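Participant: Protein chains in written order, with UniProt numbering: chain A, 1 to 337; chain B, 1 to 559.
Virtual Cβ for every residue (Gly too), placed ideally from N, Cα, C.
On a predicted model such as this, the values are computed, not experimentally measured, just so you know.
Take a look at the following structure, please.
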Amino acid sequence: MKLRDYIFRRFLLLIPVLIGITFITFTLSHMVGDPAAAWVSDKTTPQRYAIIIEQHHLNDPLPIQYMYYINDLVHLDLGNSASQGERPVINCLINYFPATLELTMVAMTMCLFIGIPLGIISAIKKDKLPDHVVRLFSLCGVSVPIFWFGLILQYIFYLQLDMLPLGGRLPLFTTPPPNVTGLYLIDSLLAGNVDLFFESLKHLVMPAFCLCFTYLAVISRMMRSSMLETMTQDFIRTARAKGLSEKAVIFKHALRNALTPTTTVAGLAFGGLLSGAVLTETIFMWPGIGKYSVSAITSSDFASIMGFTLLVVLIYVFTNLVVDVLYAYLDPRVKYG
Amino acid sequence: MDKRFGRKLATALMIFIATAAILVAGCTQPETTATPTPTTGEPITIVSMVSGEPESLDPAYDYESAGGEIIQNVYETLIFYEGSDITKPVGVLAKSWDISEDGLTYTFHLQEGVKFHDGTAFNASAVKYSFDRGVIMNLDPWQAVITPLLYGGSEYMNSEQSQADIDAYLAKETVKVIDENTVQVKLAKPYRPFLDCLAFYAASIISPSYDQANGGYKPNEQSEFMTEHMCGTGPLKFVSWDHMDKITMVKNDDYWGTPAKCDKVIVRYVEDWNTRFLAMKKGEADIIYAPFQYANDILAEPDFVLEAGDPTVTVSYIGFNQNASITPMFTDKRVRQAFIESFDTETFVNVVNLGYGKIPNGPIPEGLPGYNPSIPKQKFDPEHAKQLLIDAGYSKSKPTSVILYYNAGNDGRKSACLMLKDQIEKYDLGISVDVQELDWPTYVKKNRDKELPIFYLGWIADYPSADSFIEPFCVSYGYYADKVSYVNETIDGIYADAKWETDQAKQTEAYTQIIEGTNEDCAYIWTAQAVEFQPMRKELKGYWYNPMNSNLIYYTLYK
């Protein structure tokens with residue numbers, strides 16, 4: 001099967017996945033609490049409550065409500081976000097997603113460019129000091145609570161050293177670049193504003209590092225074990241027997257093979273980073289979908305919760321597709337099918 | 001293939017190094033757009049960091065304090081209060097007013113030369129437009145203003161106004177334009193706190209031309225445009241709302257009254273307390289929201305000032321559901337009394353709340369007209385409480401349990417619930433109290449369905465009237481009385497007459513009788529009355545507090 005056909009087939013498979021997800025999220029959302037909760041307060045009058053129920057078809061049986069939902073979805077209407085003053089959910093996602101995407105992409109880049117070399121070093125220097133240091137670093141990554149780590153970063157780099165800003169995407173009095181992609185790093189460069197690019201980058205450093213810290217550990221550990229396993233393979237022995245330098249053995253023969261499992265983990269990590277940016281976004285005042293989803297969940301804003309879930313599912317499916325395609329690039333033995 | 005891969009890897013590493021270099025260069029660049037340190041003559045920007053973001057900026061729709069905060073800085077009402085006094089309404093957009101002898105007709109003489117932020121003139125038509133808009137949109141906050149207009153009373157929690165009522169309101173010309181600067185409001189029945197209702201930010205006057213040009217209003221629906229845009233007459237003008245980030249306002253240079261003392265206000269929405277604290281410590285925020293649990297952290301900072309102690313118009317309480325099908329134990333007055341006498345309010349206010357609170361003696365908060373300090377406070381008497389429970393037939397051999405609910409995330413309420421649980425279980429009479437949290441929407445839903453056996457909640461006045469407390473708690477159709485199935489026909493009878501009483505002293509006397517009756521019936525534990533708690537940087541000046549302010553007033557602040 002050709003790559004193109006494979007990608008096409010994967011996109012077709014997306015349809016039943018999405019239908020399944022909408023069904024599950026819809027059912028779950030309507031099983032808990034008050035379906036009108038997002039629109040009412042403890043002071044809402046009974047009369048107003050009845051109007052809300054009617055306006056949102058909440059008196060209809062669940063299958064009918066589901067049909068309303070699917071019908072709207074087909075017309076790209078994800079409903080209105082009650083926790084955001086009834087703004088359309090689609091607008092909220094368009095508004096907040098680029099911020100999270102930018103943060104996640106920078107965090108992912110940090111993860112890969114720090115995690116992979118650390119994993120390699122750890123594998124090459126197995127059971128020596130660098131390995132122990134990297135392992136300790138990894139252990140910290142998976143065990144340190146993200147909110148505490150964020151706070152420590154803020155205390156050191158913002159309060160004490162005055163090197164990095166406390167939070168937000170740009171300084172308070174700075175106008176954002178004209179909106180093209182929603183990613184300030186790119187938009188500022190497109191606008192030719194290098195100062196704005198650096199400002200944006202400065203604001204990304206702490207939250208992105210805070211976000212990547214956990215996955216950094218996962219990636220470096222995976223790279224280490226995968227590298228160690230590869231180094232015991234026959235072809236590595238053959239390469240060494242041929243008299244190749246250790247450097248050539250590692251970088252030309254072992255690395256590429258060891259990268260395959262790391263790619264899987266990195267793919268999953270990317271999805272995880274996107275949907276798990278909640279705490280980081282809260283601490284660093286980052287106006288992304290993580291913060292949005294929390295406010296939606298705490299106010300039982302079902303339309304937003306379902307919209308957010310759909311988006312995350314799409315990202316996961318898309319990331320998995322990219323990972324599968326990358327597999328074949330890294331390992332020609334992999335066939336599409 | 002391998003060589004190509006190696007080259008790609010090398011390129012990738014070079015990009016990484018270059019990015020790192022840029023990053024470092026970026027980090028070490030001098031701050032180009034740092035927060036300015038204003039000195040005399042320079043523009044003054046006030047940066048506030050608060051917790052929750054508004055739901056809406058439309059006074060006819062928003063019913064929470066974050067939105068109310070912005071609304072009261074950009075819009076104006078006909079009247080408000082001066083300083084921290086909530087007993088005497090003073091004119092804002094209304095220069096003066098006359099009340100007819102029968103108490104039914106209010107004639108407002110409006111300020112002249114006032115302009116909305118879109119440049120159009122404020123006049124009597126704008127007042128009529130804003131009022132009609134609120135009534136026709138018929139959303140939550142306006143219930144507090146509609147009810148006096150439609151019925152003359154305060155029964156807004158249980159009012160059932162229909163389209164016919166609204167049509168009748170319009171047909172009767174309840175709000176009538178007399179001339180350019182005079183507007184008349186006719187009530188169905190005289191209602192003394194009506195002026196207070198008009199001080200509520202829901203009754204703000206909006207620009208008719210601005211609203212009309214942007215879609216206008218529809219019955220029972222909010223305006224999508226006005227939820228995100230504002231056009232009032234206030235000393236600050238709305239500039240932008242960057243969702244989940246900040247709202248920016250600037251000084252209104254054409255303001256008709258005393259101009260704002262600051263040039264720009266930025267309200268940032270920062271959930272995390274530590275982030276807000278660090279920002280103010282560094283001087284990046286001038287004023288922040290803080291729960292009183294952090295009082296010691298704030299007091300330890302030499303650059304901070306803590307304004308605290310003035311009473312708010314809120315009361316917190318624990319309600320017992322007297323519906324036999326939910327909790328048979330609370331149908332017995334002795335049990336309710338035992339629970340009341342088992343709650344150490346003094347310790348709760350002074351230790352858990354670090355002294356930032358007042359001990360209530362009933363639903364009416366201290367400072368509100370109608371508050372009577374001579375009503376005795378509920379006493380903590382564990383020995384008597386234990387005896388009451390024994391008398392009610394509780395013993396170790398007949399174990400029973402009850403669930404005490406509070407809303408998740410409210411640590412103060414959790415502590416109160418645990419204190420009560422601890423005390424009841426200490427008696428060793430087989431009564432176990434399970435303390436459980438519920439997320440807010442579920443909590444509200446269960447309360448609405450009257451399913452909570454015993455629960456912790458709070459109540460904030462929409463307008464400073466004792467009615468706003470007596471009616472929900474003490475009268476059988478009242479919002480909370482209904483939720484806990486509390487009925488006392490004598491009290492209902494007293495209230496039915498007293499609510500129309502125009503003499504404040506006579507009304508206070510009747511309300512005192514009602515509160516004493518409710519306390520005698522052991523319907524609620526009055527746990528605490530919150531007080532003002534506002535940290536800010538010491539260079540910030542112009543702060544003032546009024547319990548009816550919805551959070552902060554920014555236009556008087558400067559540094």
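Going by DSSP, what residues sit across from P311/B in a beta bridge?
Facilitator: Bridge partners of P311/B: V531/B.
Participant: Taking a contact to mean a Cβ-Cβ separation below 8 Å, would you say F304/B touches K538/B in this structure?
Facilitator: Yes, these two residues count as a Cβ contact at 8 Å.
Participant: Taking beta-carbon pairs under 7 Å, can you tell me which members of the segment 113-128 of chain A lie near chain B?
Facilitator: F113
Participant: In terms of alpha-carbon separation, which member of D132/B, G67/B and P89/B lies closest to K176/B?
Facilitator: D132/B
Participant: Helix, strand or coil: how does DSSP classify D132/B here?
Facilitator: helix
Participant: Using a Cβ cut-off of 8 Å (strictly closer), state whether M206/A contacts chain B.
Facilitator: In terms of beta-carbon proximity, M206/A stays away from the interface with chain B, with every pair separated by 8 Å or more.
Participant: For a contact defined as C-beta to C-beta under 8 Å, what are the partners of S550/B on chain A?
Facilitator: In chain order: nothing, as chain A lies at least about 14 Å away.
Participant: Please confirm if V317/A has its CB atom under 8 Å from at least one CB of chain B.
Facilitator: no
Participant: Just the Cα atoms here: how many angstroms apart are Y215/A and A107/A?
Facilitator: If you draw a straight line from the Cα of Y215/A to the Cα of A107/A, it comes to about 9 Å.
Participant: Answer yes or no: do T309/A and I21/A have a C-beta to C-beta separation smaller than 8 Å?
Facilitator: yes
Participant: Answer yes or no: does any C-beta atom of chain A fall closer than 8 Å to that of R413/B?
Facilitator: no
Participant: Out of curiosity, what's the CA-to-CA distance linking I326/B and C474/B?
Facilitator: 20 Å
Participant: So for H109/B, helix, strand or coil by DSSP?
Facilitator: Taken through DSSP and simplified to helix, strand or coil, H109/B comes out as strand.
Participant: How many angstroms separate the CA atom of V487/B from the CA atom of I247/B?
Facilitator: 46 Å
Participant: Going by DSSP, name the residue or residues bridged to D434/B.
Facilitator: In the DSSP assignment, D434/B forms a beta bridge with I403/B.
Participant: Could you pull out every residue in the same chain whose Cβ sits closer than 8 Å to the Cβ of L195/B, ignoring the five residues on either side in sequence?
Facilitator: I79, P89, W97 and Y106
Participant: Can you name the residues that DSSP bridges to K246/B?
Facilitator: DSSP output for K246/B lists D242/B and R268/B as bridge partner(s).
Participant: For P59/B, which option in T147/B, K421/B, E53/B and V74/B has the closest C-alpha, if you only look at C-alpha atoms?
Facilitator: V74/B
Participant: Could you tell me if R333/A is buried or exposed, where buried requires 16 or more neighbouring beta carbons within 10 angstroms of its beta carbon?
Facilitator: Under a 10 Å Cβ-count criterion, R333/A is classified as exposed, with fewer than 16 other Cβ atoms of the shown protein chains found around its own Cβ.
Participant: Does DSSP put Y327/A in a helix, a strand or coil?
Facilitator: helix
Participant: With distances taken between CB atoms, is the gap from T227/B to Y61/B smaller than 8 Å?
Facilitator: Y61/B is positioned such that its CB atom lies closer than 8 Å to that of T227/B.
Participant: Note down, in chain order, every chain A residue with its Cβ under 8 Å from the Cβ of Y63/B.
Facilitator: S41 and K43
Participant: Whole-angstrom Cβ separation of W142/B and A202/B, contact assumed at under 8 Å?
Facilitator: 5 Å
Participant: Distance, Cα to Cα, G542/B vs V317/A?
Facilitator: About 55 Å.
Participant: Per DSSP, what kind of secondary structure is N80/A in: helix, strand or coil?
Facilitator: Note: N80/A maps to strand in three-state DSSP.
Participant: Any chance the segment 182-189 of chain A sits against the segment 285-305 of chain B, with 3 or more Cβ pairs inside 8 Å?
Facilitator: no
Participant: Give me the chain A residues within the contact set of K559/B, using Cβ-Cβ distance strictly less than 8 Å, ordered along the chain.
Facilitator: For K559/B, no chain A residue has a Cβ inside 8 Å of its Cβ, as the nearest lies near 16 Å away.
Participant: Suppose you measure from the CA of G103/B to the CA of K189/B; what does that come to, to the nearest Å?
Facilitator: 8 Å
Participant: Can you list, in chain order, the residues of the segment 250-267 of chain B whose Cβ is nearer than 8 Å to any Cβ on chain A?
Facilitator: Cβ contacts with chain A: I266.
Participant: Please report how far the alpha carbon of A505/B lies from the alpha carbon of I491/B, in whole angstroms.
Facilitator: Counting only the Cα atoms, I491/B lies some 18 Å from A505/B.
Participant: Quick check: F116/B and C197/B, are their CB atoms within less than 8 Å of each other?
Facilitator: no
Participant: Please confirm if Q387/B has its CB atom under 8 Å from at least one CB of chain A.
Facilitator: no
Participant: Are at least three pairs of beta-carbons, each pair with one atom in the segment 377-387 of chain B and one in the segment 330-345 of chain B, less than 8 Å apart?
Facilitator: yes
Participant: Between the alpha carbons of A408/B and E86/A, how many angstroms are there, rounded?
Facilitator: 24 Å
Participant: Assuming the contact rule is C-beta atoms closer than 8 Å, Y169/B and V127/B should be a hit. Round their C-beta distance to whole Å, please.
Facilitator: So it is not a contact: roughly 15 Å between Cβ atoms.
Participant: Is P453/B close to chain A, meaning its C-beta is less than 8 Å from at least one C-beta of that chain?
Facilitator: no
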